[in-house]
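Report on the following structure.
In mature numbering (1 follows the signal peptide of the UniProt record, and there is no 0), the protein residues as written are -24 to -1, 1 to 302.
See below:
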């Protein structure tokens, strides 16, 4: 009997460790989105953004495709997020920007008693929506004025804009779920573990890497393969297939709120409304169906391509405003 209890204990420990370690952040979707955006720029715009990134302060991210991963690379090393450290470069410490990656819009379907602070947590500048609005407004506002902006400021702003604009298209980056077990929120699904046929992990990270189908990380991503994958995705989801979703109004700043709302609604519809919301809690594995995985993967892949097309439209405005003397 003691032997059986020991085996069960070891199994539970293994599961907890396994669940934590496979929940790795993926760079591949960010780089695919950036390539799709870059592909849809005109030659003049491509030349401008290429020139900006060729003057990057970090030679590992000196093009708009790899630069899409920079905002995650600069975070403080976290073994649970990335179970390795770089052997060819120092690990960064910049965790002060972490909140920029999210819009913590509350979802409280069971009417749990939560602080009013959480109800308004999605507002303000230091959220994914606030940061993308600020950067877009700032860079478009340059209006090609001579001697305005440096390569450093353009690299810093574009690194974050490309990355965070992609983040707000990922549904789990735009929600914080509450129930009696999560009175402080589930951290965008980071505290909810799901499992299906050998795939086990927190729902946020599994959405980040589209259930391990896009889990490759910089610098171990083959750029030629990535470009072919991006072309394949664009052929599967051409611009014409999105119709009104690509009819971006003139007020692109306010439209960022529309993007966030879209993502939030997708998270509620395709994730939380298909889980036992009253019973969701930390350190419990919830089994999901094949239909759940298949439908969510399709939503996430389509969302990724849409993000690339939209990012291209925003970048066009930014790049057309870059001073000629930069």
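Yeah, the Cβ is synthetic: ideal placement off N, Cα and C, and Gly gets one too.
Contact check, residue i vs residue j, beta carbons under 9 Å
| i | j | result |
| --- | --- | --- |
| residue 147 | residue 240 | yes |
| residue 206 | residue 25 | no |
| residue 69 | residue 284 | no |
| residue 184 | residue 256 | no |
| residue 138 | residue 5 | no |
| residue 34 | residue 52 | no |
| residue 127 | residue 36 | no |
| residue 144 | residue 244 | no |
| residue 10 | residue 287 | yes |
| residue 168 | residue 262 | yes |
| residue 21 | residue 292 | yes |
| residue 187 | residue 272 | yes |
| residue 104 | residue 302 | no |
Pick from the options that is closest to residue i, judged by C-alpha positions
| i | options | result |
| --- | --- | --- |
| residue 110 | 299, 242, 294 and 88 | 294 |
| residue 89 | 277, 157 and 274 | 157 |
| residue 267 | 92, 172, 140 and 164 | 172 |
| residue 3 | 243, 232, 92 and 189 | 189 |
| residue 258 | 230, 92, 170 and 65 | 170 |
| residue 232 | 298, 107, 174 and 38 | 107 |
| residue 47 | 21, 141 and 91 | 141 |
| residue 79 | 238, 225 and 67 | 238 |
| residue 134 | 44, 98, 121 and 187 | 44 |
| residue 149 | 92, 224, 201 and 235 | 235 |
| residue 297 | 19, 94, 95 and 121 | 121 |
| residue 91 | 105, 269 and 155 | 155 |
| residue 81 | 66, 67 and 100 | 100 |
| residue 65 | 195, 227, 302 and 174 | 195 |
| residue 246 | 227, 300, 226 and 270 | 270 |
| residue 94 | 73, 132, 164 and 123 | 164 |
| residue 132 | 199, 38, 200 and 265 | 38 |
| residue 386 | 199, 226, 264 and 277 | Nothing in the structure corresponds to residue 386, since the chain is present only between -24 and 302. |
| residue 174 | 19, 23, 264 and 49 | 264 |
| residue 248 | 96, 49, 153 and 98 | 153 |
Close beta carbons around residue i, own chain, < 6 Å, minus the five adjacent residues each side
| i | result |
| --- | --- |
| residue 130 | 28 |
| residue 166 | 178 and 180 |
| residue 193 | 3 |
| residue 289 | 224 |
First and last residue of the uninterrupted beta strand (DSSP E) at residue i
| i | result |
| --- | --- |
| residue 169 | 169 to 172 |
| residue 178 | 175 to 178 |
| residue 263 | 261 to 263 |
Extent of the continuous alpha helix (DSSP H) run through residue i
| i | result |
| --- | --- |
| residue 12 | 4 to 15 |
| residue 187 | It is not in any alpha helix (DSSP H) - residue 187 carries neither H nor E in the DSSP assignment. |
| residue 158 | No alpha helix (DSSP H) contains residue 158, which DSSP labels as neither H nor E. |
| residue 110 | 104 to 116 |
| residue 47 | 46 to 49 |
| residue 137 | 127 to 143 |
| residue 19 | 19 to 30 |
| residue 210 | 199 to 212 |
| residue 284 | 266 to 296 |
| residue 90 | It is not in any alpha helix (DSSP H) - residue 90 carries neither H nor E in the DSSP assignment. |
| residue 240 | 228 to 246 |
Nonlocal neighbours in the same chain, by C-beta distance under 8 Å from residue i, ignoring five residues either side
| i | result |
| --- | --- |
| residue 102 | 75 and 76 |
| residue 191 | -1, 2, 4 and 185 |
| residue 229 | 109, 112 and 113 |
| residue 242 | 147, 275 and 279 |
| residue 197 | 3, 4 and 7 |
| residue 17 | 25, 288, 291, 292 and 295 |
| residue 299 | 118, 120, 121, 122, 123, 124 and 125 |
Same chain, Cβ closer than 7 Å to residue i, neighbours up to 5 away in sequence not counted
| i | result |
| --- | --- |
| residue 281 | 12, 209, 210 and 213 |
| residue 215 | 222 and 285 |
Short CB-CB distance (under 9 Å) between residue i and chain C
| i | result |
| --- | --- |
| residue 158 | In the structure shown, chain C cannot be found, because there is only a single protein chain. |
Does the stretch 110 to 119 come within contact of the stretch 81 to 88, defined as at least 3 CB pairs closer than 8 Å? no
Does the stretch 244 to 253 come close enough to the stretch 212 to 226 to have 3 or more Cβ pairs within less than 8 Å? no
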